[in-house]
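Reviewing the structure listed below.
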Amino acid sequence: MKHVLFAASECTPFIKSGGLADVIGSLPQALVKEGARVSVILPLYKEIINSEYRGDMEEVMIFNTPVGWRNQYTRILKYEGRDVTYYFVDNEYYFNRDGLYGYIDDGERFVYFSNAIIEFMYRVEESYDILHCHDWQTGAAVAIGSIKRPHPGMKTVYTIHNIQYQGWIEQSAFGELFNLGREHFAGFEWQGMLNMMKAAIHHADVITTVSETYAEEIMTPFFGEGLEQVLEYRRGDLHGVINGLDTYDYNPVRDEALYHRYRSSRKTKAKNKTALQQDLGLTVDENIPMYGIVTRLVNQKGIDLVEHIMHEFLLEDVQLVVLGSGEALYEDYFKSLVHNFPDKVHVTLGFSESYARKIYAASDFFIMPSLFEPCGLGQLIAIRYLTSPIVRETGGLKDTVIPYNEFAHSGNGFSFENYNAHELLNAMKYSLYIYHQKEHMDALCRNMTASDYSWANSARQYMSLYGG
Numbered sequence: 001m002k003h004v005l006f007a008a009s010e011c012t013p014f015i016k017s018g019g020l021a022d023v024i025g026s027l028p029q030a031l032v033k034e035g036a037r038v039s040v041i042l043p044l045y046k047e048i049i050n051s052e053y054r055g056d057m058e059e060v061m062i063f064n065t066p067v068g069w070r071n072q073y074t075r076i077l078k079y080e081g082r083d084v085t086y087y088f089v090d091n092e093y094y095f096n097r098d099g100l101y102g103y104i105d106d107g108e109r110f111v112y113f114s115n116a117i118i119e120f121m122y123r124v125e126e127s128y129d130i131l132h133c134h135d136w137q138t139g140a141a142v143a144i145g146s147i148k149r150p151h152p153g154m155k156t157v158y159t160i161h162n163i164q165y166q167g168w169i170e171q172s173a174f175g176e177l178f179n180l181g182r183e184h185f186a187g188f189e190w191q192g193m194l195n196m197m198k199a200a201i202h203h204a205d206v207i208t209t210v211s212e213t214y215a216e217e218i219m220t221p222f223f224g225e226g227l228e229q230v231l232e233y234r235r236g237d238l239h240g241v242i243n244g245l246d247t248y249d250y251n252p253v254r255d256e257a258l259y260h261r262y263r264s265s266r267k268t269k270a271k272n273k274t275a276l277q278q279d280l281g282l283t284v285d286e287n288i289p290m291y292g293i294v295t296r297l298v299n300q301k302g303i304d305l306v307e308h309i310m311h312e313f314l315l316e317d318v319q320l321v322v323l324g325s326g327e328a329l330y331e332d333y334f335k336s337l338v339h340n341f342p343d344k345v346h347v348t349l350g351f352s353e354s355y356a357r358k359i360y361a362a363s364d365f366f367i368m369p370s371l372f373e374p375c376g377l378g379q380l381i382a383i384r385y386l387t388s389p390i391v392r393e394t395g396g397l398k399d400t401v402i403p404y405n406e407f408a409h410s411g412n413g414f415s416f417e418n419y420n421a422h423e424l425l426n427a428m429k430y431s432l433y434i435y436h437q438k439e440h441m442d443a444l445c446r447n448m449t450a451s452d453y454s455w456a457n458s459a460r461q462y463m464s465l466y467g468g
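Below, the structure written as structure tokens:
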């Protein structure tokens with residue numbers, strides 16, 4: 001039985017700022033079902049200290065963690081749940097703060113966390129076969145763990161969730177924060193700085209990212225964010241493993257946020273649409289196709305493409321429901337849509353999990369034309385709720401959304417290749433044509449119902465990578 005230690009900066013249900021938390025919350029349980037023994041180690045943030053989970057944690061050890069010339073107090077707490085053991089690194093100086101990230105000393109905070117992980121591994125009774133780290137916040141742990149190997153034969157695995165965020169630190173910090181010989185400096189240095197993601201890529205035994213297409217994309221200058229050469233050098237050790245979806249949590253059969261629960265009935269699903277139309281003050285008619293957007297309103301998500309074509313598309317008999325927040329220019333744009341099409345468009349700036357689920361269930365189509373998308377969660381949730389995604393062919397969107405073919409009745413969504421507003425418009429117009437053909441919508445529904453994006457397949461791939 002492989003014993004795996006996951007190291008990450010966030011994890012549901014304890015703490016979340018983005019999709020990383022969902023992965024760390026779900027993947028370990030799927031690995032347990034495949035026969036692994038899994039532990040997870042996280043920082044003990046202020047939000048966790050004040051949560052319902054803190055009372056069920058037990059102290060397991062206290063030690064000093066070397067951070068350069070200093071020794072930092074470290075206490076490890078343990079929580080058992082969902083067939084996984086969770087460890088929390090308690091250091092009030094670094095983690096008893098509001099929020100997770102965005103502090104001037106983030107580099108130091110997460111190098112400390114990485115150092116503490118390796119020190120913990122030396123002291124814990126269990127022996128780990130795999131140290132599996134995620135994103136830049138634990139990149140230093142991969143490097144230090146690969147150099148020191150706290151457990152004989154231990155393999156290091158590093159997963160890139162988003163290559164944009166790399167963990168840059170001043171070169172002078174090597175002596176200040178790391179207890180390593182100068183001969184290891186080159187493994188951390190990149191373009192005149194220390195780069196925690198580069199260090200992890202350089203040292204890891206196995207490198208993964210969250211879709212096969214993204215694995216290929218990040219070895220090119222457009223997507224690689226300056227690390228494409230390092231990744232190309234490690235090409236033989238780089239694997240794309242698509243993220244899964246927590247199909248127990250995201251399940252229209254049991255989702256309490258929905259107006260009406262359903263499995264595969266388009267008729268029952270449509271009741272969610274009319275209920276949402278009623279609540280939002282839109283024209284109540286189940287025959288009007290509804291297009292949903294749930295996203296951050298930023299350039300990466302393709303909002304500028306939407307901005308170029310949505311006025312034209314809304315001249316059709318359609319509705320648009322938007323939930324999200326982000327850049328002011330995009331928020332102002334969607335406000336203008338509501339002003340110009342008050343009976344067709346509803347926009348909510350902000351985020352609500354229960355409202356997002358209502359949109360997924362009520363919509364007929366889900367718009368996700370991202371400039372880049374390492375994996376993407378929205379299209380997976382949409383498919384699970386039988387809402388056909390309209391996506392650009394990039395990253396995980398290309399790997400999970402199969403374009404509908406009206407002749408073969410195959411596919412679960414709609415896609416376009418180039419980052420071009422009129423290609424998006426054409427895909428949306430094609431979806432509108434398909435909507436009015438019952439045989440095609442029935443086929444789309446069947447294909448989405450048959451799509452399996454649970455964690456089971458991904459977990460099996462990880463187990464294979466662990467076992468070599």
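Sequential numbering of the sequence shown, starting at 1, is according to the UniProt record's numbering.
Quick reminder that beta carbons are idealized off the backbone N, C-alpha and C, glycines included.
Owing to the predicted nature of the structure, the values given are computational and were not obtained by experimental measurement.
Next item on the list: Compare the Cα-Cα distances from residue 524 to each of N179, S146, N243, G192 and report the closest residue.
Entry: Past the boundaries of the shown model lies residue 524; the chain is included only from 1 to 468, so the question cannot be answered.
Margin query: I'd like to confirm the pairing. Which residues does DSSP put opposite L320 in its beta bridges?
Written below: Y291, V345
Next item on the list: At 3 residues or longer, and completely inside the stretch 67-145: list those beta strand (DSSP E) runs for me, N to C.
Entry: 70-81, 84-90, 130-134
Notebook entry, point to check: Are any of the Cβ atoms in chain C nearer than 7 Å to that of A275?
Noted result: Checking the listed chains, one finds no chain C in this structure; it contains a single protein chain.
Check: For the putative contact between L20 and D135, defined by C-beta atoms under 8 Å, what is the C-beta separation to the nearest angstrom?
Finding: 6 Å
Next item on the list: Starting from S388, follow its DSSP beta bridges and name the residues at the other end.
Entry: Its beta-bridge partners are F365.
Check: Alpha carbon to alpha carbon, how far is G338 from L424?
Finding: According to the sequence as given, residue 338 is Val; it is not Gly. If you take the alpha carbons of V338 and L424, they lie about 21 Å apart.
Note to self: So, for G411: in the same chain, excluding its five sequence neighbours on each side, which residues have a beta-carbon less than 7 Å away from its beta-carbon?
What the structure shows: I402, P403, Y404, N405, N447
Check: Any idea what DSSP makes of V23, helix, strand or coil?
Finding: helix
Checklist line | Three-state secondary structure assigned by DSSP to I163 | finding: coil
Margin query: Runs of 4 residues minimum, wholly inside the stretch 204-287: which ones carry the alpha helix (DSSP H) assignment?
Written below: 212-217, 221-224, 228-233, 266-280
Check: Applying the criterion that 16 or more other CB atoms from any shown protein chain within 10 Å of the CB defines a buried residue, is H202 buried or exposed?
Finding: buried
Next item on the list: Quick one: residues in its chain with C-beta nearer than 7 Å to the C-beta of I303, no 5 flanking neighbours on either side, listed in chain order?
Entry: Result list for I303: L297, Y330, in chain order.
Notebook entry, point to check: Between P389 and G25, what straight-line distance do the alpha-carbon atoms span, to the nearest angstrom?
Noted result: 25 Å
Next item on the list: Could you spell out the range, first to last residue, of the alpha helix (DSSP H) harbouring N179?
Entry: No alpha helix (DSSP H) holds N179; DSSP gives it neither H nor E.
Check: Can R109 and Y122 be called in contact, C-beta distance under 7 Å?
Finding: no
Next item on the list: Starting from L297, follow its DSSP beta bridges and name the residues at the other end.
Entry: G326
Check: Thinking just about the alpha-carbon of each residue, which of I309, T12, E34 is nearest to the one in N420?
Finding: I309
Item checked: Residue closest to V84, alpha-carbon to alpha-carbon, out of Y103, G175, R37 -> R37
Note to self: How far does the beta strand (DSSP E) with I41 in it extend, from its first residue to its last?
What the structure shows: 37-43
Checklist line | C-alpha gap between H3 and V32, whole angstroms | finding: When rounded, the distance between both Cα atoms is 10 Å.
Next item on the list: List the residues that DSSP assigns as beta-bridge partners of A7.
Entry: I41, C133
Note to self: Can you check which of these residues, K429, A257, G18, K267, is closest to N287 by C-alpha distance?
What the structure shows: K267
Note to self: Please report the straight-line C-alpha distance between P289 and H436, rounded to a whole angstrom.
What the structure shows: For P289 and H436, the distance between alpha carbons rounds to 9 Å.
Note to self: Which same chain residues end up closer than 6 Å to E58 when comparing Cβ atoms and leaving out the 5 residues on each side of it in sequence?
What the structure shows: K78
Note to self: Give me the DSSP bridge partner(s) of S454.
What the structure shows: Partner(s): L245.
Notebook entry, point to check: So, is T283 buried or exposed, given that buried needs 16 or more other C-beta atoms within 10 angstroms?
Noted result: exposed
Checklist line | CB of G145 within 7 Å of CB of T156, strictly | finding: Yes. Within cutoff.
Next item on the list: Tell me whether G145 counts as near the ligand SAH, meaning its Cβ is closer than 6 Å to at least one heavy atom of that ligand.
Entry: In the structure shown, the ligand SAH is absent, as is every other ligand, since no ligand is present at all.
Notebook entry, point to check: Could you check where the alpha helix (DSSP H) with S431 kicks off and where it finishes?
Noted result: 421-435
Check: Ordered along the chain, which non-local residues of its own chain (more than five positions away) have a Cβ less than 7 Å from that of E189?
Finding: Cβ within range, chain order: Q171.
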